[in-house]
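Residues -16 to -1, 1 to 208 in mature numbering (1 follows the signal peptide of the UniProt record, and there is no 0) are what the sequence shown lists, from first letter to last.
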Amino acid sequence: MKIIILAIVFLNVAFSLETCSLKKSEPRMGKITLANNNELQVSVVVGENRSRFNLTLGLHTLKLINSHIATFIGLKSHPKLIVVSRMGDGSAKYDFLAVVHVEVNGIGSSLVMKVAPNQPNLLGLDAIFRFGMVIDPVQRVFSQSTAPLKDNEHLFDFFDLKRYMSKLGITQEDLIPVEDLPDPNVAYIDLLKAGSAHAVINLGPSFTIGLGIRSPVLNLGVGN
């Protein structure tokens, strides 16, 4: 009888632990808004001053943010922290890189963003994977993992900003506010004149496409 009682207690405890574990791993749900141009947007909190913005969900590897908002939230970068992307028409686009803390639906992670004037504010594929988001553009909802992926687990871990800064001899103390940086095109020309243009990382072909209401249901979640 004692053995049966102990077995029942053990099973109850195991079931309770399993239930708790499932509850902890249950994804969070969030809402998606529809912009005037029919692009899907999600509300995020960014920067140390915890400003809230709507960022467009987009088919782009890295995240984009324009210089105006980057200045408002206090982002910092360096004239040498430049990457180049090739646009569809063959032209080159230069962007500064900056790290910003982003919270989606209460879950936060530090992300690398491309900063340049006159560009859309876009949450790209790397952020979507990082947060384990499963997007349903038809119902305008998304589910999200409660534990963001770490850098070494990331599907887009091809770029290590800390390592890149170390290679260029740049420390955190060397970073300056975005508003004090020159135009990225001017900064690239300065690097070219100084014979340092080879240090600029070429990200290859780039495209900026926002997810619209006509997009198919995307299942980009990881482990949820």
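In this text, a Cβ means the ideal position worked out from N, Cα and C, and glycines have one as well.
Remember, it's a predicted structure, so these values are computed and weren't measured experimentally.
Subject >> Presumed contact (8 Å Cβ cut-off) between Val26 and Gly14, rounded CB distance >> reply: 7 Å
**OP:** Would you decide whether Asn105 is buried or exposed? Buried here means 16 or more other CB atoms lie within 10 Å of its CB.
**Re:** Buried: at least 16 other Cβ atoms inside 10 Å.
Subject >> Ala131 (DSSP reduced to helix, strand or coil) >> reply: coil
Subject >> Which residues DSSP lists as bridging Asp110, in chain order >> reply: In DSSP, Asp110 forms no bridge with anything.
**OP:** Please list, in chain order, all residues of the same chain as Glu87 whose beta carbon is under 7 Å from its beta carbon, the five residues on each side excluded.
**Re:** Val28 and Val29
Original post:
Pick from Arg147, Leu175 and Ala100: whose alpha carbon is nearest that of Leu59?
Top reply: Ala100
Original post:
Mind checking whether Ser129 and Pro11 have CB atoms under 8 Å apart?
Top reply: yes
Subject >> Integer Cβ distance of Ile57 from Phe126, believed to fall under 8 Å >> reply: In fact, because the Cβ distance is near 23 Å, the residues do not count as touching under 8 Å.
Original post:
What separation, rounded to the nearest whole angstrom, lies between the Cα atoms of Gly74 and Val67?
Top reply: 16 Å
Original post:
Under the rule that 16 or more other beta-carbon atoms within 10 Å means buried, what is Met71, buried or exposed?
Top reply: exposed
Original post:
Which runs of the alpha helix (DSSP H) fall wholly inside the segment 6 to 65 and span at least 4 residues, in chain order?
Top reply: 51 to 56
**OP:** Hey, could you find the ends of the beta strand (DSSP E) Asp167 is sitting in?
**Re:** Where Asp167 is concerned, there is no enclosing beta strand (DSSP E), given that its DSSP letter is neither H nor E.
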